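Using the UniProt record's numbering, you'd call the opening residue of the sequence shown number 1 and step up by one each time. What follows is a single structure, written as structure tokens, with notes after it.
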Amino acid sequence: MKKRIIRLKEQEPDTVRVYTPSDDYRKIRPTLDRKLSYLTTVNDDGFMITGNYVKAPQKIFLLGGSFVENMYTSQNHRIHSQIERQLIAQGYYVEVLNSGVSGSTSLNLFNVVINKIAPYAPCTIVFVISINDVHALSFDSGFWNKYRLFSTLDQTTDLERARQNISEKNIADLTKLYMSLKMFCELFNINLLIANTPYISIIDDNFYKLDHSYYARMVARRERIYGALFGLFKRQDFDSLDLHLAMNENKELFFDDVHTNAIGSSVVANIIVPRLKKYVKRTDGNARIQVYRCLDHAQRLSTDVLWSSSMIMPENMAGFSHAIIEYQVECGSDVIENNALFCVDFGGIECDRAEVGLKYSDTVGFFSYLQTGAGLALSGAQQFSIPHSCRELRVGIGLWKRRSDIKISDVQLTLFFHS
């Protein structure tokens, strides 16, 4: 007999991938950008990092389904990245990790807390009620169904069928699960903030092409689940946040019923950050972020490196963490991998590759490749370090040997440091 295992809902560890929405996915989401692909970077423990490349002892984990995963938003605009940047800019040096995975249920997420996050305690989690609970709890066996998309085990089937309504027993099981989560976090010294997944309750074909009667039934089930849980949270003194209410069903912030665009992701971060400050400590010496614009407008690249003006480093930079170069790239059909690069001139001071984390060429100096590929359009970010003795630097962008059609825009240098 085949041994059964519990399915751990996580991103594949230690991967860097580019995701492009399929034509079918885009077809029913008219407001989703038609050309962009999206970069994700996952650490060796299966958590999506922010693209800020921060490593800090204070850790915050976001858990949820595809709303938290935020896949089809550029890496540095995702919810967890915006939370991290806002907290660091306000003096809290924290690392925010994303454990959102499409299709996760609340039971899947609780399993992640037990098996992956507990070893990081003391820490903080933002546990976002999964929109997929609506589907899982519609089966007679609730979270313990064997349907292939929502089963907690690897022994699955397509034969089990969901019902129109969620039973009282399954609602009771849902509240028991959240009580268990609260007790587990208290025992393991994990700060717990629970939020719900916001959604748009009334859709039209110009926004999201889905059967309207089916969607109305889904909304009614969501309301029932949220009503039961927020009643529990009030009675049992949970720290909870009604994101659905706070987002006010503003369609300008979403590209479908539950997924935020870049602006919406920033709004979500703005709402969550004030609720997290009581759980994290300010850093000794202010944590700081400073941003420099490197290019004012889009440029087509050539083999002649295009250099920015000199950027003066902050005088009060007592301790330095790292820097990242951020950019938007659009590639023609003739572009190959590693077809463009960024270069750094550290103002003539002596430094070595190990110190700055970059490659070196006698032709261009310190450099690293940009993310390129045939027809690729995405926002990228790459990390490097700045020597303590550096007082000014320049950033250059250019093609690497082969002439190709590559356009670069929105290039900026971001410093993360202590003052």
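Just so it is clear, CB atoms sit at the ideal spot from N, CA and C, and this is done for glycine as well. Because the structure is a prediction, the values reported are computed rather than measured.
Query raised in the report: Leaving out the 5 sequence neighbours to the left and right, which residues in its chain are closer than 8 Å to Ser361 when beta-carbon positions are compared?
Result: The residue labelled residue 361 in the question sits at position 361 within the sequence shown. Within the same chain, Ser361 has close Cβ partners Phe367.
Query raised in the report: CA-CA distance, Asp140 and Phe150?
Result: Position 140 of the sequence shown, counting from 1, holds the residue named residue 140. Position 150 of the sequence shown, counting from 1, holds the residue named residue 150. For Asp140 and Phe150, the distance between alpha carbons rounds to 13 Å.
Query raised in the report: When DSSP labels each residue in this structure, what does Gly142 get in the three-state scheme?
Result: Counting from one through the sequence shown, the residue named residue 142 turns up at place 142. The answer is helix: DSSP assigns Gly142 an H, G or I state.
Query raised in the report: Which two residues bound the contiguous beta strand (DSSP E) that contains Asp345?
Result: Locating residue 345 in the sequence shown gives position 345, counting from the first residue. Where Asp345 is concerned, the enclosing beta strand (DSSP E) stretches over Ala340 to Asp345.
Query raised in the report: For Glu69, which three-state DSSP category applies?
Result: Counted from its first residue, the sequence shown places residue 69 at position 69. When DSSP states are grouped into helix, strand and coil, Glu69 belongs to the helix group.
Query raised in the report: Would a C-beta distance cut-off of 9 Å place Leu415 and Ile289 closer than the cut-off?
Result: Residue mapping note: residue 415 aligns to position 415 of the sequence shown, counting from 1. Residue mapping note: residue 289 aligns to position 289 of the sequence shown, counting from 1. Result yes, Cβ atoms of Leu415 and Ile289 sit closer than 9 Å.
Report task. On the DSSP bridge assignment, give the partners of Thr15 in chain order. Result -> Counted from its first residue, the sequence shown places residue 15 at position 15. Answer is Val42, bridged to Thr15.
Report task. Look at the Cβ atom of Ala195, then the Cβ atom of Asp242, and state whether they are nearer than 9 Å. Result -> Within the sequence shown, the letter at position 195 stands for residue 195. Within the sequence shown, the letter at position 242 stands for residue 242. Yes. Within cutoff.
Query - Boundaries of the alpha helix (DSSP H) in which Val112 is found, first to last residue - result: The count along the sequence shown starts at 1 and reaches residue 112 at position 112. Annotation: the continuous alpha helix (DSSP H) that includes Val112 extends over Ser106 to Val112.
Requested in this report: Tell me where the beta strand (DSSP E) around Ala377 begins and ends.
Outcome: Working through the sequence shown from its first residue, we reach residue 377 at position 377. Unbroken beta strand (DSSP E) run through Ala377: Ala377 to Phe384.
Requested in this report: Return the chain-ordered ranges of every alpha helix (DSSP H) run that is complete within the region 260-334 and spans a minimum of 4 residues.
Outcome: If we require 4 residues or more, the alpha helix (DSSP H) runs fully inside the region 260-334 come out as 262-276.
Query raised in the report: How about Asp345 and Val395: do their beta carbons lie closer than 9 Å?
Result: Position 345 of the sequence shown, counted from the first residue, corresponds to residue 345. Position 395 of the sequence shown, counted from the first residue, corresponds to residue 395. Yes; because the gap between Cβ atoms is below 9 Å, this pair is in contact.
Query raised in the report: Opposite Thr157 in the DSSP bridges: which residues?
Result: Position 157 of the sequence shown, counting from 1, holds the residue named residue 157. Thr157 is bridged by DSSP to Tyr147.
Query raised in the report: Do Asn339 and Arg402 have their C-beta atoms closer together than 9 Å?
Result: Numbered from its first residue, the sequence shown carries residue 339 at position 339. Numbered from its first residue, the sequence shown carries residue 402 at position 402. Yes.
**Report entry** Contact the region 263-282 vs the region 302-316: 3+ CB pairs below 8 Å
**Finding:** By the criterion of at least three beta-carbon pairs nearer than 8 Å, the region 263-282 is not in contact with the region 302-316.
**Report entry** Spatial neighbours of Pro387 in its chain, beta-carbon cut-off 8 Å, leaving aside the 5 residues before and after
**Finding:** Reading the sequence shown from its first residue, position 387 is the one you call residue 387. The answer, listed in chain order, is Phe346, Ile349, Cys351, Glu355 and Val356.
**Report entry** Contacts around Val16, its chain only, beta-carbon distance under 6 Å, and the 5 residues preceding and following it disregarded
**Finding:** Indexing the sequence shown from 1 puts residue 16 at position 16. Contacts found: Thr41.
Requested in this report: Give a yes or no on whether 9 Å exceeds the smallest Cβ distance from Ile325 to chain C.
Outcome: In summary, chain C is missing from the structure at hand, where a single protein chain is found.
Query raised in the report: Among Thr157, Ser333 and Tyr93, which has the Cα closest to the Cα of Asp405?
Result: Taking the sequence shown and counting its residues from 1, one reaches residue 405 at position 405. Minimum Cα distance to Asp405 is reached at Ser333.
Query raised in the report: Can you tell which of Leu39, Asp256, Lys27 and Lys3 has the C-alpha that lies nearest to the C-alpha of Val18?
Result: For the purposes of this step, residue 18 is taken as the residue at position 18 of the sequence shown. Minimum Cα-Cα distance from Val18 among the listed residues Leu39, Asp256, Lys27 and Lys3 corresponds to Leu39.
Query - Per-residue DSSP class, three states only, for Lys54 - result: Here residue 54 is taken as the residue at index 54 of the sequence shown, counted from 1. First, the amino acid is wrong: residue 54 is Val here, not Lys. Secondary structure of Val54 (DSSP, three-state): coil.
Query raised in the report: Near Ser389, what residues of its chain come up, given a Cβ to Cβ distance below 7 Å and the 5 sequence neighbours on each side ignored?
Result: As a first step, residue 389 is located in the sequence shown; it is residue number 389 there, counting from the start. Correct list, in chain order: Ile349.
Query raised in the report: Any idea what DSSP makes of Tyr208, helix, strand or coil?
Result: Stepping through the sequence shown from its first residue, residue 208 is reached at position 208. Looking at Tyr208 - three-state DSSP - the assignment turns out to be coil, as it is neither helix nor strand.
**Report entry** Rounded Cβ spacing between Val364 and Val305 (contact assumed at less than 8 Å)
**Finding:** In the sequence shown, residue 364 corresponds to position 364, counting from 1. In the sequence shown, residue 305 corresponds to position 305, counting from 1. About 6 Å separates the two Cβ atoms, so the contact holds.
Query raised in the report: Can the beta-carbon of Gln383 be found less than 9 Å from the beta-carbon of Tyr292?
Result: Looking up residue 383 in the sequence shown gives position 383. Looking up residue 292 in the sequence shown gives position 292. Contact: no.
Query raised in the report: Can you tell me whether DSSP reads Ile194 as helix, strand or coil?
Result: Here residue 194 refers to the residue found at position 194 of the sequence shown. Shown here, Ile194 sits in a strand according to DSSP, grouped into three states.
Requested in this report: Can you say whether Tyr178 is buried or exposed, counting buried as having 16 or more other CB atoms within 10 angstroms of its CB?
Outcome: Counting from 1 along the sequence shown, the entry for residue 178 is found at position 178. It counts as buried.
**Report entry** Phe416 - DSSP class collapsed to helix/strand/coil
**Finding:** By one-based count along the sequence shown, residue 416 stands at place 416. Phe416 falls in the strand class under three-state DSSP.
Report task. For Asp23, name the three-state secondary structure that DSSP assigns. Result -> In the sequence shown, the residue the question calls residue 23 occupies position 23. Residue state, collapsed to three classes: helix.
Requested in this report: Return the chain-ordered list of same chain residues with a C-beta closer than 8 Å to the C-beta of Pro13, the five sequence neighbours on each side being excluded.
Outcome: Residue mapping note: residue 13 aligns to position 13 of the sequence shown, counting from 1. Closer than 8 Å at Cβ, skipping near neighbours: Val42, Asn43, Asp44, Asp45 and Gly46.
**Report entry** Short Cβ contact (9 Å threshold) for Ile60 with Thr124
**Finding:** The sequence position of residue 60 within the sequence shown is 60, counting from 1. The sequence position of residue 124 within the sequence shown is 124, counting from 1. With contacts defined as CB atoms closer than 9 Å, Ile60 and Thr124 qualify as a contacting pair.
Requested in this report: May I have the straight-line CA-CA distance separating Arg85 from Asp410, to the nearest angstrom?
Outcome: Reading the sequence shown from its first residue, position 85 is the one you call residue 85. Reading the sequence shown from its first residue, position 410 is the one you call residue 410. About 18 Å.
Query - Beta-bridge partners of Gly396, as assigned by DSSP - result: What you label residue 396 is simply residue 396 of the sequence shown in a count that begins at 1. Trp307 and Cys343.
Requested in this report: Identify the continuous beta strand (DSSP E) that holds Lys359 and give its terminal residues.
Outcome: Working through the sequence shown from its first residue, we reach residue 359 at position 359. Segment Lys359 to Ser361, the beta strand (DSSP E) holding Lys359.
Report task. Quick one: grab the DSSP three-state call for Tyr369. Result -> Here the question's residue 369 lines up with position 369 in the sequence shown. Taken through DSSP and simplified to helix, strand or coil, Tyr369 comes out as strand.
Query raised in the report: When DSSP labels each residue in this structure, what does Gly64 get in the three-state scheme?
Result: In the sequence shown, counting from the first residue as 1, residue 64 sits at position 64. Strand.
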